Structures are given as structure tokens and as C-alpha cells.
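Chains A and B, in that order, give the protein sequences.
Its first residue numbered 1154, the first sequence is counted upward by one per residue in the numbering used here.
Its first residue numbered 1154, the second sequence is counted upward by one per residue in the numbering used here.
Positions of the beta carbon are idealized from the N, C-alpha and C atoms, including for glycine.
Quick caveat: nothing in here was measured; it's all calculated off a predicted structure.
Number of protein chains: 2
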Amino acid sequence: MRILVIEDDREAADYLLKALKEAGHSPDHADNGEDGLELAISNNWDVLVVDRMLPKRDGLSVIETLRASGDETPVLILSALSQVDDRVTGLRAGGDDYLSKPYAFSELLARVEVLSRRKAGPQVETKLQVADLVLDRLAHSVTRAGHEIVLQPREFRLLEYLLKHAGQVVTRTMLLENVWDYHFDPQTNVIDVHISRLRSKIDKGFDYPLLHTVRGAGYSIRDSSN
Amino acid sequence: MRILVIEDDREAADYLLKALKEAGHSPDHADNGEDGLELAISNNWDVLVVDRMLPKRDGLSVIETLRASGDETPVLILSALSQVDDRVTGLRAGGDDYLSKPYAFSELLARVEVLSRRKAGPQVETKLQVADLVLDRLAHSVTRAGHEIVLQPREFRLLEYLLKHAGQVVTRTMLLENVWDYHFDPQTNVIDVHISRLRSKIDKGFDYPLLHTVRGAGYSIRDSSN
DNA sequence: CGGAAACTATGAGAATCTTGGTTATTGAAG
DNA sequence: CTTCAATAACCAAGATTCTCATAGTTTCCG
Chain A
1154 MRILVIEDDR EAADYLLKAL KEAGHSPDHA DNGEDGLELA ISNNWDVLVV
1204 DRMLPKRDGL SVIETLRASG DETPVLILSA LSQVDDRVTG LRAGGDDYLS
1254 KPYAFSELLA RVEVLSRRKA GPQVETKLQV ADLVLDRLAH SVTRAGHEIV
1304 LQPREFRLLE YLLKHAGQVV TRTMLLENVW DYHFDPQTNV IDVHISRLRS
1354 KIDKGFDYPL LHTVRGAGYS IRDSSN
Chain B
1154 MRILVIEDDR EAADYLLKAL KEAGHSPDHA DNGEDGLELA ISNNWDVLVV
1204 DRMLPKRDGL SVIETLRASG DETPVLILSA LSQVDDRVTG LRAGGDDYLS
1254 KPYAFSELLA RVEVLSRRKA GPQVETKLQV ADLVLDRLAH SVTRAGHEIV
1304 LQPREFRLLE YLLKHAGQVV TRTMLLENVW DYHFDPQTNV IDVHISRLRS
1354 KIDKGFDYPL LHTVRGAGYS IRDSSN
């Protein structure tokens, strides 16, 4: 489990990192609020363990900034401030749990694991995205660079399948099986035709193409703008 | 917010219920483990607050049973047992937080609200269900009693809308606006016809009907098998 | 390099499916 | 018994999908 510890006290941090590793997790460490925030944003953590008093940027401020940006990674606040008011403030600021120092490592571990349990939970992919092309499976809508794109049912399924396998090459047989539910070769170029139409909708008029032909193999959707 | 308090100490329970109400929530109460478990299962709670030592059935046992049945409602454990080991045991048993007695109500409230945040959070309704009829918005499929049902696009939207308002009466005007995007009265019986077609697919041949006519008002989908 | 072969793209039309609408008849509720 | 709803049967318009013919590309080999 990927855990980011933001804690300035070197000794406390070392102890915590070592113990987390022994418990089978993959902790990383920042020793001030600014670096911590940056790390928190740039990586995909399962849980953050944040000390409240930090140099450069306060722990609560880190959490608030994170939450304001829409990040919902669970946060366990660690603090020497142990009054009820301190706890309430911490939780209200966006913390998911609050543990006062000194703490027992076994309890911290249990609490961290409770928090991560949530995150791993019912995570359903409702939006599929490549570059500026977004397909929303619930709203049943497609947009590129903010522009609404209207797709026919079959085109939608086709794009959905391609996006599910973004970056990979998708063969005609795969498309036949998964988008058309054909389990035989229809001996026609249905797919080519639909790819053509889809391409004219999602690529034509935009900066760079996303739907690529892989000669002799099939098709592939990927961001090749850079 | 719907909160179930399972606590046997009448005085403590009364105090807690009163305070939760004042904070704007809707608490309910059970004073023993068995009733608590039953209530927890049969209703859809946002958070459970469970005392650890309960008559008839231990608090931890309630939680374990709940989790074993797939229920993931957040649980805050309340207990006089305040040792680290007790806390760890409680959290490992499936609790999401652990508060030792005596506690400050403000902290309990903050923690309960943190827990409910999760539940309300990134919860996307991907499946809509009434009785044995399931509509999966991602898979774009409909089944009743395990049998696949094939719906036309318009029928799908119609059923989706009805299920979103399961139990409520849906008027023709609502359907016209939300399923047909008409903002006027077409003066025809389009809806009746589609309802009829939908009904023949989802109700005909099954044990009991789900799609009911509410004379003079509209339609309603609900489980009336019992 | 030249050109055939293999592969892919696309426009146009045909075929099919879906929808909205009509009507007549039957059924149910008040 | 009157009114509202349900259903079946049917049609036509429009949407959607598939087929086909043709044109365009790329690859490969002599």
C-alpha cells in the first residue's frame, strides 16, 4: 500500500517509515508541508499520514488545499495537539482520522488500513479518457476539447471499447466479438466503415488525431500529440 | 443524516440521540445487539454508532456479521475499553473509527460526519434496482430474475427514469420532459404505447408486476410482491 | 525504382430497425 | 355506465447500420 508520510521530526518519521515497511507497505516521506503537498498531488497514494505542525506549510493547510483541488485521498492527521477542539478542527479541515501523539504504532497501522480499505472499495470507472477526449458512460456523452460529440449507438460502443483498451492495438476480431457480438467473420468491411465514421467525428477538425490505424493489425486509440 | 445508535445504556443513548437531533441528523436507536443488527440490515443508514458491550449480542459481533453480509456502512465504535489493543481489535473487526468513553460530543459529531462524507462521496449510482429487476447503467443491460431483457433505446431511458424514481409516482409530463425532451404536450398517447411495450418486456411472464398504473396521475415502479 | 498485391478509406445507396403516431377493441376503476 | 387506461395491429418517417464499389495507401519484391 502506498502511504505518504508528511512529518518533519526526523526521528519520528524514520521510526514510522521503518515500521510501515515492516508491515508490508510502501511508504514515502516528505519533511515539510510544501514538498508534501506536491508529492501528494503528483502521485496516487492510498493514504496520507500528515503531521499537523510542519515547516513551510501547516498540515491543515496541506489538507485543505488538497481537498479544494478535489483530491479525496484519505488523510490521517498526527499531532501533539490532543485537545478535543484540536481534533475537531483537524477532522473538519478534511482529515479522515486524528491520532494524538504519543500514539501506539499498532493503532496507527490499524487506522491506516481502515482508511485504505475505503479507497480500494467500490471504484467503478465511469469515465474513460484519452487526451482531451472524454467518454462518460453514465451520462452517455462524448466530448472532445469541451465540444459535445453526438455518436450513434454502435459508434458509442466502438469508442467505448477502444478507450477501454487505450494505448493497445485492438484487432478487428476483438471488435467483432466485443462490439458487434459476431463470433464469425462477416466477410465485409463493416468495421472499417464505422471506424471511418467515428474518426470523422472525433478527429476531424481537431488539433491532432487520436484514432490510429495499425496496418495489418487493427486500430489503436492513444495520445500522440507529444 | 440517518444514524443508527446501538447502545444499551439508556442515559448515554438518550443524551446522544438528543444531541444528534440538535445537530440536524435523524438518529434511531436500538438497545441491544440483536435488534441493532436487524435494524442495521433492514434500513439504509449513513453511519452506525455502536457500543461495544451490548446485551444479547456483542457490538463487534454485530459489525462482523454486517461486514460478512457485504454491508459497508461506516461504523463508529464507542467503548469504555480504551486500551490500544481494544482499539486495534475494534478497527480490525470492521469498525471505521473508534472512540473511547468518556468522549466529547463535538468530537463524536465530527467523526460521524467524516464517516458519512465517505458514504455520500464519490458514490455513483451505476445500478438501479427494484425487486429482481436490475438496470446496469454502465453495462447498459437490464435483467429480471436473472434473465436478460433487451430494450430499445427509448425503452431503456424510460425504465431508467422510472427506476430513478422508484416508489414515486411519475407523471406523464415528467416523462415527456425527461425521457422525450418534449416541453409541450404532443396530444398523443406515445407514453402509453411505450409503457405498454416496456411492460410487456419487464412484467409479462414474471411472478408479479412491477410497473403500476396510478390512475389519473401517472405510473410508478415499485415492489409490491409483499 | 516501378508496380502489383494487400490493405485501408470513404461515399452512396440499400436494408433494417426504431420511433411516433393512428385506430379499434378490450379491460378496469370510480 | 362513463371515463380512463391497456393493448394489439399497423403504417410511415426517420435513424441507424450494413453492403458494395471505388479510390487511396502502404508494403514488398524483382
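### Query
Does DSSP put valine 1158 of chain A in a helix, a strand or coil?
strand
#### Entry: Backbone CA spacing between tryptophan 1162 of chain B and methionine 1206 of chain B [nearest angstrom]
Rather than tryptophan, the amino acid found at residue 1162 of chain B in this sequence is aspartate. Approximately 10 angstroms between the Cα atoms of the pair.
### Message
Looking at the secondary structure, which residues open and close the beta strand (DSSP E) in which threonine 1218 of chain A lies?
### Response
No beta strand (DSSP E) contains threonine 1218 of chain A, which is instead part of the alpha helix (DSSP H) from 1212 to 1221.
### Query
Does valine 1215 of chain B come within less than 8 angstroms of chain A when only Cβ atoms are used?
no
### Task
Just mark aspartate 1336 of chain B as buried or exposed, buried being the case when its beta carbon has 16 or more other beta carbons within 10 Å.
A small correction: the amino acid at residue 1336 of chain B is histidine; aspartate does not occupy that position in the sequence shown. Histidine 1336 of chain B is exposed by the Cβ-count criterion.
### Query
Of the residues A:Leu1304, A:Arg1352, A:Asp1199 and A:Leu1213, which one's Cα is nearest the Cα of alanine 1246 of chain A?
A:Leu1213
### Contact list for arginine 1264 of chain B against chain A, beta-carbon separation under 7 angstroms
Leu1244
### Task
Could you work out which residues of chain A lie near alanine 1257 of chain B, taking near to mean beta carbons separated by less than 7 angstroms?
Val1237
### Message
In whole angstroms, give me the CA-to-CA distance for alanine 1221 of chain A and leucine 1244 of chain A.
### Response
If you take the alpha carbons of alanine 1221 of chain A and leucine 1244 of chain A, they lie about 15 angstroms apart.
### Message
Tell me which residues share the same chain as asparagine 1196 of chain B and place their Cβ nearer than 8 angstroms to its Cβ, disregarding the 5 neighbours each side in the sequence.
### Response
Excluding residues within five positions, the ones whose Cβ falls inside 8 angstroms are Arg1155, Leu1157 and Asp1181.
### Task
For proline 1362 of chain B, return the contacting residues in chain A, with the cut-off set at a CB-CB distance below 7 angstroms.
Here the premise fails: no neighbours, minimum Cβ distance about 28 angstroms.
### Query
Would you say arginine 1240 of chain B reaches chain A, if we count a Cβ-Cβ gap shorter than 8 angstroms as a contact?
Closer than 8 angstroms: yes.
### Message
If we define contact as Cβ-Cβ less than 8 angstroms, is valine 1283 of chain A a contact residue for chain B?
### Response
no
### Query
threonine 1279 of chain B CB to nearest chain A CB: under 8 angstroms?
yes
### Query
Among A:Asn1331, A:Gly1189 and A:Ser1235, which residue has its Cα nearest to the Cα of glutamate 1217 of chain A?
Taking only the C-alpha atoms, the option nearest glutamate 1217 of chain A is A:Gly1189.
### Message
Any beta carbon from chain A within less than 8 angstroms of glutamate 1187 of chain B's own beta carbon?
### Response
no
### Cβ pair arginine 1290 of chain B, leucine 1281 of chain B closer than 8 angstroms
yes
### Message
Here's the rule: buried if 16 or more other CB atoms are within 10 angstroms of the residue's CB, otherwise exposed. What is threonine 1366 of chain A?
### Response
exposed
### Task
Could you say which of B:Glu1164, B:His1300, B:Pro1227 and B:Val1237 lies nearest to lysine 1354 of chain B if we only look at CA atoms?
B:His1300
### Task
Indicate whether the contact test is met: 3 or more Cβ pairs, each with one atom in the segment 1249 to 1262 of chain A and one in the segment 1228 to 1238 of chain A, closer than 8 angstroms.
yes
### Candidates A:Ser1373, A:Pro1362, A:Lys1174 and A:Ala1257, of which the one nearest methionine 1327 of chain A by Cα
A:Ser1373
#### Entry: Rounded distance between the beta-carbons of leucine 1201 of chain A and threonine 1226 of chain A, thought under 8 angstroms
6 angstroms
### Query
For valine 1322 of chain B, which residues from the same chain have a beta carbon less than 8 angstroms from its beta carbon, with the 5 sequence-adjacent residues on both sides left out?
Val1367, Ala1370, Gly1371, Tyr1372 and Ser1373
#### Entry: Contact list for proline 1208 of chain B against chain A, beta-carbon separation under 9 angstroms
Near proline 1208 of chain B there are no residues of chain A at all, since even the closest Cβ is about 27 angstroms away, more than 9 angstroms.
### Query
With 16 other CB atoms within 10 Å as the buried threshold, where does phenylalanine 1309 of chain B fall?
buried
### Query
For the putative contact between valine 1283 of chain B and arginine 1210 of chain B, defined by C-beta atoms under 8 angstroms, what is the C-beta separation to the nearest angstrom?
Wrong, their Cβ atoms sit about 31 angstroms apart, outside the cutoff.
### Query
Around the C-beta of valine 1303 of chain A, are 16 or more other C-beta atoms found within 10 angstroms, so that it is buried, or is it exposed?
exposed
#### Entry: Local Cβ density within 10 Å of valine 1346 of chain B, reported as buried at 16 or more and exposed below that
exposed
### According to DSSP, residues forming a beta bridge with serine 1294 of chain B
The partner list for serine 1294 of chain B (beta bridge, DSSP) reads B:Asp1289.
#### Entry: Any chain A beta carbon closer than 8 angstroms to arginine 1271 of chain B
yes
### Query
Can you give, in chain order, each stretch of the alpha helix (DSSP H) that sits fully within the segment 1298 to 1363 of chain A and has at least 4 residues?
Counting only runs of at least 4 residues, the segment 1298 to 1363 of chain A fully encloses the following alpha helix (DSSP H) elements, listed from N- to C-terminal order: 1306 to 1317, 1325 to 1331 and 1343 to 1355.
#### Entry: Extent of the continuous beta strand (DSSP E) run through alanine 1183 of chain B
Here the beta strand (DSSP E) through alanine 1183 of chain B covers 1179 to 1183.
### Whole-angstrom distance between valine 1215 of chain A and glycine 1274 of chain A, CA atom to CA atom
Since pLDDT at glycine 1274 of chain A reaches only 49, below the 50 mark, its modelled position is unreliable, and no value is offered.
#### Entry: valine 1287 of chain B and threonine 1279 of chain B closer than 8 angstroms at C-beta
Not closer than 8 angstroms, so no.
### Query
If we cut at 8 angstroms on Cβ distances, does proline 1180 of chain A have a partner in chain B?
no
### Task
Just the C-alpha distance for glutamate 1187 of chain A and leucine 1173 of chain A, rounded to the nearest angstrom, thanks.
23 angstroms
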